[in-house]
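Chains as they are written, first to last, in the working numbering: chain Z, -16 to 124; chain P, 352 to 743.
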């Protein structure tokens, strides 16, 4: 599908509706098309998704409304994803974090080295449904 | 511009024709009843006027004799008393009698027969008035003998009896006419009553007939309506099911579309990432086809050869690279890299010579790996490192 046929993407950090019964997910990625797809897909599964392309936006969203789950890429515009996750963990120690990246990680390496920082690792090459399965595993529907 | 053909003529429905005929008859009966009733009503009004008129005439007739008697009584009193007051009473009573006569004449003016009958009465009354005038004149003149003769002559007359007879005759005529009019009025009322009742009964029968005629059509339409409603319910249920299926399919397709877009994004991202990795390597990398033609090279290779990609892509790698032999004469007649690729072997850290765009030869160390796609060699990768300068 061509981008010209789709409506323009609106950064959703302005969209959260406090008080909604839907689970709130914060998606962080430096690529807007990725965020657009994530928001669209997770919305169809009943989640409310806020998006941020950098650490500054992510922190602002966390301050305004704490998410139930965080999905973060490894590479961001202004910082390293793992570093941002560490900072957010200080504020939200119990919030599950899923690392979603195209950088190929060995799952064993993730298990051994990153288990203290993240709750799950999902490759960007995996189907979106696997990401939804992982989200449901952490916060349910 | 096309014109639509006229619709085919609708076949006349015999039941509909009969029903329309019934309603036509009902309308005709109603019109007849209305006409007859209005006619009878007009006649009743006319009869009522006539009856009032007749009663008025009878009243006037009944008043004539008593008034005449009263007037003549006042005259007798005047003859006895010669009082002017009694003379005035006598005049008043005769004036009253004249009024009754005038009213009666007006009432009989429309009927020649009655007019003729009443004329005789009026003449007799006029005669009585004339006699009274003569008596009064003689009384005032003091001619007692003439007065006596006139009174004696009047006493022998039969005017009163004849007047009573004439009045009674005219009154009986009017009474008979009243009775006839009463019978006629009763008959008119009866006619109106029967006309209305007969019309209503006929209309009711015609309505029953119309209902009888359309009963089958009504039953058929009721059944068709019920079937239509049932079909509508079934259709709505099918539409609902189909809509639900389409919605589910649509949601599935939307999810699949998102998955496809996600896969495409991931693939592009992965490809871009891999290219970044390859392009960031400082060693020269050449990707070759099975025929050892260059299909791809990284920036380090471009920098090392000084050639642009357009000068190398789809060109034999041997144009810029050769394995180093002991001497120029010892160069093999075949391409050792092509042979290695064909055999699926690898070469590691072999000395080679890279020819730059300017014609200079640069000693390099060569690594060569065949590219396998599911155990099938589809090409190869050549990685060149600059040889370390010989130690002096």
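We put the CB at the ideal spot given by N, CA and C, even for glycine.
Can you check whether the CB of residue j is closer than 8 Å to the CB of residue i?
| i | j | result |
| --- | --- | --- |
| residue 44 (chain Z) | residue 33 (chain Z) | yes |
| residue 67 (chain Z) | residue 38 (chain Z) | yes |
| residue 381 (chain P) | residue 550 (chain P) | yes |
| residue 646 (chain P) | residue 629 (chain P) | no |
| residue 641 (chain P) | residue 733 (chain P) | no |
| residue 63 (chain Z) | residue 36 (chain Z) | no |
| residue 411 (chain P) | residue 451 (chain P) | yes |
| residue 731 (chain P) | residue 692 (chain P) | yes |
| residue 469 (chain P) | residue 455 (chain P) | yes |
| residue 510 (chain P) | residue 479 (chain P) | yes |
| residue 125 (chain Z) | residue 610 (chain P) | One cannot answer for residue 125 (chain Z) here, as it falls past the ends of chain Z, which runs -16 to 124. |
| residue 27 (chain Z) | residue 605 (chain P) | yes |
| residue 100 (chain Z) | residue 69 (chain Z) | yes |
| residue 476 (chain P) | residue 389 (chain P) | no |
| residue 25 (chain Z) | residue 53 (chain Z) | no |
| residue 81 (chain Z) | residue 102 (chain Z) | yes |
Can you name the residues that DSSP bridges to residue i?
| i | result |
| --- | --- |
| residue 58 (chain Z) | Z:63 |
| residue 736 (chain P) | P:716 |
| residue 703 (chain P) | P:674 and P:715 |
| residue 648 (chain P) | P:637 |
| residue 35 (chain Z) | Z:11 |
| residue 105 (chain Z) | Z:83 |
| residue 118 (chain Z) | DSSP, once it has assigned bridges, lists no residue as partnering residue 118 (chain Z). |
| residue 24 (chain Z) | Per DSSP, none; premise fails for residue 24 (chain Z). |
| residue 30 (chain Z) | Z:6 |
Counting C-beta neighbours from all protein chains within 10 Å, is the total for residue i 16 or more, i.e. buried, or is it exposed?
| i | result |
| --- | --- |
| residue 4 (chain Z) | exposed |
| residue 555 (chain P) | exposed |
| residue 655 (chain P) | buried |
| residue 374 (chain P) | exposed |
| residue 739 (chain P) | exposed |
| residue 22 (chain Z) | buried |
| residue 651 (chain P) | buried |
| residue 120 (chain Z) | exposed |
| residue 626 (chain P) | exposed |
| residue 599 (chain P) | exposed |
| residue 677 (chain P) | Residue confidence is low: residue 677 (chain P) scores 49 on pLDDT, short of 50, so the model does not pin down where it sits. Its coordinate-derived value is still stated next. Under this definition residue 677 (chain P) is an exposed residue. |
Per DSSP, what kind of secondary structure is residue i in: helix, strand or coil?
| i | result |
| --- | --- |
| residue 635 (chain P) | strand |
| residue 566 (chain P) | helix |
| residue 731 (chain P) | strand |
| residue 653 (chain P) | helix |
| residue 409 (chain P) | helix |
| residue 722 (chain P) | strand |
| residue 7 (chain Z) | strand |
| residue 486 (chain P) | helix |
| residue 698 (chain P) | strand |
| residue 680 (chain P) | Caution is warranted here: a pLDDT of 48 is assigned to residue 680 (chain P), below 50, making its placement in the model unreliable, and the coordinate value is therefore given only provisionally. The answer is coil: DSSP assigns residue 680 (chain P) none of H, G, I, E or B. |
| residue 53 (chain Z) | strand |
| residue 110 (chain Z) | coil |
| residue -13 (chain Z) | Note that residue -13 (chain Z) scores a pLDDT of 43, beneath 50, so its modelled location is shaky; the value from the coordinates is reported in the next line. Three-state DSSP puts residue -13 (chain Z) in a helix. |
| residue 76 (chain Z) | coil |
(request) Determine contact between the stretch 565 to 583 of chain P and the stretch 393 to 406 of chain P, defined as no fewer than three beta-carbon pairs at a distance below 8 Å. (result) No: the two stretches stay apart, fewer than three of their Cβ pairs being nearer than 8 Å.
(request) Could you tell me whether the stretch 716 to 731 of chain P touches the stretch 610 to 623 of chain P, where touching means 3 or more Cβ pairs closer than 8 Å? (result) Too few Cβ pairs lie closer than 8 Å, so no.
(request) State whether the stretch 523 to 537 of chain P contacts the stretch 390 to 403 of chain P, with contact taken as three or more CB pairs (one from each stretch) at a distance under 8 Å. (result) The stretch 523 to 537 of chain P, when compared against the stretch 390 to 403 of chain P, does touch it at the 8 Å Cβ threshold.
(message) Counting beta carbon pairs with one atom in the stretch 369 to 385 of chain P and one in the stretch 87 to 94 of chain Z, are three or more of them shorter than 8 Å?
(response) By the Cβ test, the stretch 87 to 94 of chain Z is not in contact with the stretch 369 to 385 of chain P, since fewer than three Cβ pairs between them sit closer than 8 Å.
(request) Flag this pair as touching only if the stretch 420 to 434 of chain P and the stretch 460 to 478 of chain P have three or more C-beta atom pairs under 8 Å; answer yes or no. (result) The stretch 460 to 478 of chain P and the stretch 420 to 434 of chain P do not touch, with fewer than three beta-carbon pairs separated by less than 8 Å.
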